[in-house]
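Participant: Residue numbers (our numbering): 301 to 556. Glycine residues also receive a C-beta, built at the ideal position from the N, C-alpha and C atoms. Attaching a single structure in structure tokens format; questions to follow.
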DNA sequence: AAGAACACCAACCGCCACCTT
DNA sequence: GAAGGTGGCGGTTGGTGTTCT
């Protein structure tokens, strides 16, 4: 097909992003929205590949990102979703607000994989390592045993002291809801867009301050430049849900 | 204190799906 | 329907920080 490279190889900078480059990219996206990544480097005055810009934005600069290790609940959710979806990190990430596919992938490869192996569970099949996987056995059964192992054996794991914003009860309720939500699972299998379900957001029903208007203004983006190195929770954005973010993005596009 | 080994994660690469012409 | 362009995804790599010897 004679595919073109995504960018001119000559003169394109690689490697870690500088604060100056981050600033340029943020300024550009906040002004023009996310569109035509190929054109972004040129328009934003960056000597970067468009792909690189998109990756930098989605994995690091987006204001709705969480920081820090995955909580135990998030980890269990990843395990459960992985058992059903396999290495479809973007699908898994779509169910964890504020987390990126890259982040989840990295966490899986560095933490969860080892943890499962240590527990005698095959991280690929989610079946016990010492037993042959039974073909007739539904894979959806495995994650629950895996989760059980985790809660029994690793309840005091390294992540337990990290930024778990919800209580254990809330966490387990959320996980139960997700694991038992057939429509959700069906949606995941069917590759449909993420469900917009109240159970996926921590916004309490009737919460008065949960609309997009309570966010800092996007017209004046200087706040973002100052806060990009902090976690979302530092700014009280952890209540953002998919709807609001989509709205935000669409709004940007319409402005652009 | 210094070097080796290990762990972590940001970023790159190549492929694929989707959209437009 | 074919070709070309673009964005997105998943696998992998390389740099850096941390721990171990």
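1. Name, in chain order, the residues that DSSP records as bridge partners for residue 421.
2. Quick check: the region 340 to 351 against the region 312 to 328, are at least 3 beta-carbon pairs closer than 8 Å?
3. Locate the alpha helix (DSSP H) running through residue 376, then write down its first and last residues.
4. Give me the Cα-Cα distance between residue 513 and residue 427, rounded to the nearest whole angstrom.
5. Classify residue 357 as helix, strand or coil using the three-state DSSP reduction.
6. Should the region 348 to 365 be called in touch with the region 322 to 330, which here means at least 3 C-beta pairs below 8 Å?
7. Measure the C-alpha to C-alpha separation of residue 373 and residue 361 and round it to an integer number of angstroms.
8. What's the C-alpha gap between residue 419 and residue 353?
9. Whole angstroms are fine: how far does the CA of residue 330 sit from the CA of residue 367?
10. Should residue 404 and residue 416 be called a contact, given that it needs their Cβ atoms to be closer than 8 Å?
11. Taking only the alpha-carbon atoms, compute the straight-line gap between residue 377 and residue 392 and give it to the nearest angstrom.
12. Starting from residue 325 and walking both ways along the alpha helix (DSSP H), at which residues does that stretch end?
13. Residues in its own chain within less than 7 Å of residue 317 by CB, not counting five upstream and five downstream?
14. Here's a check: name, in chain order, each residue in its chain whose Cβ is nearer than 6 Å to the Cβ of residue 390, leaving out the five neighbours to either side.
15. For residue 337, which residues from the same chain have a beta carbon less than 8 Å from its beta carbon, with the 5 sequence-adjacent residues on both sides left out?
16. From which residue to which residue does the alpha helix (DSSP H) around residue 412 run?
17. Would you call residue 339 buried or exposed, if buried means 16 or more other Cβ atoms sit within 10 Å of its Cβ?
18. Would you give the residue range spanned by the alpha helix (DSSP H) that residue 401 belongs to?
19. Below 8 Å CB to CB, which residues in the same chain sit around residue 407 once its five sequence neighbours on both sides are set aside?
20. When burial is assigned at 16 or more other CB atoms within 10 Å of the CB, is residue 383 buried or exposed?
21. With distances taken Cα to Cα, identify the nearest neighbour of residue 387 among 364, 412 and 365.
22. Got a sec? Which residues, its chain only, sit under 8 Å from residue 467 by beta carbon, not counting five neighbours each side?
23. Report all residues from its chain with a CB closer than 6 Å to the CB of residue 422; omit the five preceding and five following residues, and keep chain order.
Facilitator: According to the structure data:
1. 428
2. yes
3. 372 to 385
4. Because the pLDDT at residue 513 is just 36, under 50, the model does not fix this residue reliably, and the value given afterwards should be weighed accordingly. Approximately 47 Å between the Cα atoms of the pair.
5. Helix at residue 357.
6. yes
7. Taking the straight line from one Cα to the other gives about 24 Å.
8. 39 Å
9. 21 Å
10. no
11. 9 Å
12. 319 to 332
13. 356
14. 401
15. Excluding residues within five positions, the ones whose Cβ falls inside 8 Å are 350, 351, 353 and 354.
16. Taken as a continuous stretch (DSSP letters only), residue 412 belongs to no alpha helix (DSSP H), as it is neither H nor E.
17. exposed
18. 401 to 407
19. So the qualifying residues of the chain are 369, 370, 375 and 378.
20. buried
21. 412
22. Model confidence at residue 467 stands at a pLDDT of 44, short of 50, so the residue's coordinates are unreliable; what they give is reported in the following sentence. Cβ within range, chain order: n/a, list empty.
23. 429
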